[in-house]
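Listed in order, the protein sequences are those of chains A and B. Here the first sequence stands for residues 1 to 249, where the numbers follow our numbering. Here the second sequence stands for residues 250 to 489, where the numbers follow our numbering.
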Amino acid sequence: MTIELQQVSKRYGSLTALRAATVRFADHKIYGLLGNNGAGKSTMLNLIAGRIFPDAGSIRIDGRPNTEDAALGRLFLMGEKNLFPDEMNIARALRWAERLFPGFDLAYARELAEAFELPVNRKKIKGLSTGYGSIFRIVLTLASRAPHLLFDEPVLGLDAQHRDLFYRLLLAHYAETPCTIILSTHLIAEVSGVIEHAVILRQGQILVDQPREALPAGSREPLASMLAQEGADLQNYFIKLMEEGAKNE
Amino acid sequence: MNNSRLLAAIRFRCQDSANALAVYLGVMLLLYAAMAGMLNGIFDHDQTQISGGSEISIVIMFFVLGIVCIREDLRHFSQYGLTRRSVFLCDLTAHTLAAIVGCLLNSLLLQGVVLLAGGSIVTLTSLFTLPVFSLWYVSAGCSIVLCLCMAMLGQLISLLYYRLSKRGSLLLTFGGGALLLVGLPWLISRLVLLEPLRKACAMFISWLFAAPLHFIASFLLLGLLFAALSWLLIRRAPVK
Chain A
1 MTIELQQVSK RYGSLTALRA ATVRFADHKI YGLLGNNGAG KSTMLNLIAG
51 RIFPDAGSIR IDGRPNTEDA ALGRLFLMGE KNLFPDEMNI ARALRWAERL
101 FPGFDLAYAR ELAEAFELPV NRKKIKGLST GYGSIFRIVL TLASRAPHLL
151 FDEPVLGLDA QHRDLFYRLL LAHYAETPCT IILSTHLIAE VSGVIEHAVI
201 LRQGQILVDQ PREALPAGSR EPLASMLAQE GADLQNYFIK LMEEGAKNE
Chain B
250 MNNSRLLAAI RFRCQDSANA LAVYLGVMLL LYAAMAGMLN GIFDHDQTQI
300 SGGSEISIVI MFFVLGIVCI REDLRHFSQY GLTRRSVFLC DLTAHTLAAI
350 VGCLLNSLLL QGVVLLAGGS IVTLTSLFTL PVFSLWYVSA GCSIVLCLCM
400 AMLGQLISLL YYRLSKRGSL LLTFGGGALL LVGLPWLISR LVLLEPLRKA
450 CAMFISWLFA APLHFIASFL LLGLLFAALS WLLIRRAPVK
C-alpha cells in the first residue's frame, strides 16, 4: 500500500522540473512535500495522479503502474486548478462524485461543506472565489475516502479560520480513516505540526526524505500554536537548507 | 479497469448529450411548425416545400459535441482517476449511443411532420440521405454513421488544438483556412482537367450513393480513421 517513484524525471523544454526522483510514500503517514515555488512539488503530484507523463522512470500505486484505472482510483488529488465543467454546479458535482468515485461519502461531503460554510446549491463552481474554490476541492478530496489523499497547496486563498479548520478536519479524518496523506506546500511553519515525514525538494531534486523527528529540532508542535508560528523550527531548517544549496552551486 | 467508474462516466456523458439533443429536437420542432405554417399559408399545397436540412443540422451538432466533450471529459474525469483510455472509450460509446437515439428521433420527427402535413409538404431535407435512400430507417442509419464520423472529426480537431503549441495553433488556423479556401478550390480546378481522375471521382461518388452499405462503410471507415488519430493525440495528452 504505497506510492513509489523510481528515477522519475520531467522536463518542460529546457527546464528540468524533476530530476531522477526516487521516493516512497508509505501507508498511513502524513507527508509534507516541501519546497520553494518551482521546486517541482506540483509536478510530482501531477505525475503521481497521471495528469502528466514522466520523461523517464516509473510510478506505481499500491504495486500497479499509474497508467491503469485501478491504480488511479486509489488516490484523489486536490490540484490547484478547477477541472470541472464550466456549467457544473456544486450540488451536481457532489452527486456525480458519488457515482464516479466509488467510496465517495456524500453525507460526509455535506457535513464538511457545512463546517466550511460552503453552500451546496446550484452555484456554479467556476463562480466560486479562490478560497471557496479551494474549500470545494478540499471537501471533495476528504470525502473521496481514497486510501491516498494528495493536496497541492490546499490552503490557497483560505483565511486563518478556515486554514485552522482544514488542519483539524484533516487530522480528524486521518484518525478516523487511516490513509496516506501528502501535503504539498511552501508554508512550512504551518504544516510542521501536522506532518510525520518531510520530503524536501529543491530545483527538481529531493534534498531530504526523512521522518519529522529525525530533522533538527524535530519536536511536533501542538496544533493550537501552529498558526502562531511556533512551528518555525522546521521553517528555519528549510531556509538554512536552501541557502546552503544556493552556496554550493 | 474499474468498470463501474467507466459506466458512470458514460452515464454522465450520455446525460449531457441527451440534454443537448432535447434542446436540438425542440428547436427543430418549432422550426418545422413555423415553416409548415408559413408555407401552407403562402403557397398552394402542391408546391410547398420544406428545406429544413434537419439531417445536416444534426450532423453539425455532433461535430460541435465532438469538439466540446473530449477536452471537458479529459479534465473532469481525470479528477476521478480515469485514464485517457477510459475517457476516450467513454466519449466514443456516448457519441455512438447519442447518434443512434438522436438520428432515430430526428427521422421520426421528420416523418411525423410530413404525416401531419397530410402529404402536402414535399421534403427536401438532406444533401446526403433522404433524397438518395428513400426508406426512413435506411436514411437514419446513414445519418447515424455520418453523425458519428463528424463527432470523431470534431474530437480530432479539438485534440489537435489541445496538443499544439500557440504557434502551432496559429499555423493550423491560418494554414488550414488558406488550404480550404484557396488551396483546395485551386487543386480541384486543376484536377478536374485530368480526365482519368475526373472519371475516378465520378465513379466513386456513384458507388458511394449506389447502396446504403457503401455509404455507411465509407463513413464508418473515415470515422475510424479520425478516432485512431484522436487516440494517438489523447493517449499522452497532459491534463491542463
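Where a beta carbon is used, it is the ideal one built from N, C-alpha and C, also for glycine. Source: prediction; values computed, not measured.
Roughly how many angstroms separate the alpha carbons of B:V336 and B:D265, rounded to a whole number?
-> 15 Å
From what residue to what residue does the alpha helix (DSSP H) around A:E4 run?
-> Not the alpha helix (DSSP H): A:E4 falls in the beta strand (DSSP E), residues 3-12.
Could you tell me which uninterrupted alpha helix (DSSP H) segments, each at least 4 residues in length, are contained entirely in the region 422-461 of chain B, listed from first to last along the chain?
-> 433-440, 444-459
Rounded separation between B:A267 and B:I259 - CA only | 12 Å
With distances taken Cα to Cα, identify the nearest neighbour of B:I319 among B:Q404, B:F464, B:G426, B:I437.
-> B:Q404
List the DSSP bridge partners of A:D152.
-> A:S184
On the three-state DSSP scale, how would you describe A:T43?
-> helix
Helix, strand or coil for B:I259, going by three-state DSSP, please let me know.
-> helix
When the cut-off is 8 Å and only beta carbons count, does A:R202 lie next to chain B?
-> no
Continuous alpha helix (DSSP H) assignments of at least 4 residues falling wholly in the region 156-217 of chain A = 160-176, 188-191
Would you check if the distance between the CB atom of A:L77 and the CB atom of A:L201 is smaller than 8 Å?
-> no
Using 8 Å as the limit for Cβ to Cβ distance, is A:I135 near chain B?
-> no
Is B:G351 near B:I307, with beta carbons less than 8 Å apart?
-> yes
Would you mind telling me which residues of chain B sit closer than 9 Å to A:G73, beta carbon to beta carbon, in chain order?
-> N251, R254, Y329, G330, L331
Residues of chain B with a CB under 7 Å from the CB of A:G50: which are they?
-> T332
Of all the CB atoms in chain B, is at least one closer than 8 Å to the CB of A:D62?
-> no
For B:N355, which option in B:Y329, B:L446, B:L338, B:C391 has the closest C-alpha, if you only look at C-alpha atoms?
-> B:C391
Would you decide whether B:G301 is buried or exposed? Buried here means 16 or more other CB atoms lie within 10 Å of its CB.
-> Residue confidence for B:G301 is low, a pLDDT of 48 falling below 50, so the modelled location carries little weight; the figure read from the coordinates is stated next. With 16 or more other Cβ atoms within 10 Å, it is buried.
Among B:M277, B:L469, B:L481, which has the Cα closest to the Cα of B:L395?
-> B:L469
With 7 Å as the C-beta to C-beta threshold (strictly closer), list the residues of the region 261-274 of chain B near chain A in chain order.
-> F261
Are three or more beta carbon pairs between the region 81-98 of chain A and the region 119-130 of chain A nearer than 8 Å?
-> yes
Compile a chain-ordered list of the residues in the region 100-127 of chain A whose CB is closer than 8 Å to at least one CB of chain B.
-> L100, F101, P102
Alpha-carbon spacing of B:I406 relative to A:R168, whole angstroms = 47 Å
In angstroms with no decimal places, state the Cα-to-Cα distance between B:F311 and A:I138.
-> 36 Å
Can you list the alpha helix (DSSP H) stretches of 4 or more residues lying completely in the region 64-138 of chain A, in chain order?
-> 69-72, 90-100, 106-115
Which whole-angstrom value is the C-beta distance of A:V194 and A:L183, which I expect to be below 8 Å?
-> 7 Å
Enclosing beta strand (DSSP E) for A:F25 [first to last residue] = 15-25
Which term fits A:H28, buried or exposed, when burial requires 16 or more other beta carbons within 10 angstroms of its beta carbon?
-> exposed
Chain A within 8 Å of B:V381, Cβ atoms only = Residue placement at B:V381 cannot be trusted, given a pLDDT of 49 that sits under 50; the coordinates are not used to answer.
Candidates A:A175, A:M1, A:V191, A:A91: closest to A:V155 by CA position | A:V191
Indicate whether B:P487 and A:I48 have their beta-carbon atoms separated by less than 8 Å.
-> no
Who are the neighbours of A:F53 on chain B, taking C-beta pairs under 7 Å?
-> R485
C-alpha distance - A:A56 paired with B:A449, whole-angstrom precision = 50 Å
For chain A, find out if any of its Cβ atoms is closer than 8 Å to the Cβ of B:S335; answer yes or no.
-> yes
Does the region 162-180 of chain A come close enough to the region 56-66 of chain A to have 3 or more Cβ pairs within less than 8 Å?
-> no
Do B:I393 and B:A460 have their CB atoms nearer than 8 Å?
-> no
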